[in-house]
Amino acid sequence: AQSVTQLGSHVSVSEGALVLLRCNYSSSVPPYLFWYVQYPNQGLQLLLKYTSAATLVKGINGFEAEFKKSETSFHLTKPSAHMSDAAEYFCAVSPLVKAAGNKLTFGGGTRVLVKP
Amino acid sequence: EAGVTQFPSHSVIEKGQTVTLRCDPISGHDNLYWYRRVMGKEIKFLLHFVKESKQDESGMPNNRFLAERTGGTYSTLKVQPAELEDSGVYFCASSNLQGGLQFFGPGTRLTVL
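Top line first, the protein sequences correspond to chains A and B. Mapping the first sequence onto the numbering used here, position 2 (from 1) lands on 87, and the numbers just tick up by one. Mapping the second sequence onto the numbering used here, position 112 (from 1) lands on 210, and the numbers just tick up by one.
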């Protein structure tokens, strides 16, 4: 069974500072990996995804994530936080093999607060 | 193109009552998923439709939950009778391919008193 762990349910960063959100997964084979963001009163929006191509994945709004197989990690970063980045972020995985279904398994989420 | 829509956005009911949630996927998306986030917990998969057929319902918590997708378009999720632990946010997502990117709706926040 797959599982996802996000370290830290809440993260506070200053505007302009680095944003680092940690995600580790557990899976028998490397899965597809995703980061979603939920802004207040909105649905989940895809930030970026890893599907076994380049290990450094660039997403929207200046975010990127690096897949590290040896560490089973897919941490999300943004060099300089903006006030509009305040939201909740979710790491998720889905099986690589379609026969196993492609339901998403989510981490617990990390709420980001950006201080001016 | 319209995104995934869900109705209602909020629902407050009493324990023992029935509630029906609706999801309209993106037009042409054969795959429809239901997920749920109970307060303080992670978002969890409930079930997956391919057109009108249930592909995977391994996440449905118990037989008080009934999901349907007649005609392979919109889907409903009925909770009958509702219990306190059913409170949470119910998300719907759709994709055009199995294994394809899932697009999420804004969710329905269900509160059972």
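The C-beta atom is built at its ideal place from N, Cα and C for all residues, glycine as well. The structure displayed is predicted, hence computed values, not measured ones.
Check N109(A) in the structure and name its three-state DSSP category.
strand
When the Cβ atoms of the stretch 192-202 of chain B are set against those of the stretch 118-133 of chain B, are three or more pairs found closer than 8 Å?
yes
F152(A) versus chain B: which residues are under 9 Å apart at the beta carbon?
Under the 9 Å cutoff, chain B gives no residues; its nearest Cβ is about 17 Å from F152(A).
Taking 6 Å as the limit between beta carbons, can you name the residues of its chain near S109(B), skipping five residues before and five after?
V117, L208.
Take T168(B) and list the residues in its own chain whose beta-carbon comes closer than 8 Å to its own, dropping the five residues that flank it on each side.
E150
Less than 9 Å between the beta carbons of E140(B) and V89(A), yes or no?
yes
With a threshold of 16 other CB atoms inside 10 Å of the CB of N187(A), please say whether the residue is buried or exposed.
buried
Would you identify the three-state DSSP class for G194(A), choosing helix, strand or coil?
In this structure, G194(A) counts as coil in the three-state DSSP scheme.
Taking the runs of the beta strand (DSSP E) that are 3 residues or longer, which of them lie wholly in the stretch 101-158 of chain B?
103-105, 108-111, 117-122, 129-135, 141-148, 151-154
For Q127(A), return the contacting residues in chain B, with the cut-off set at a CB-CB distance below 7 Å.
P204
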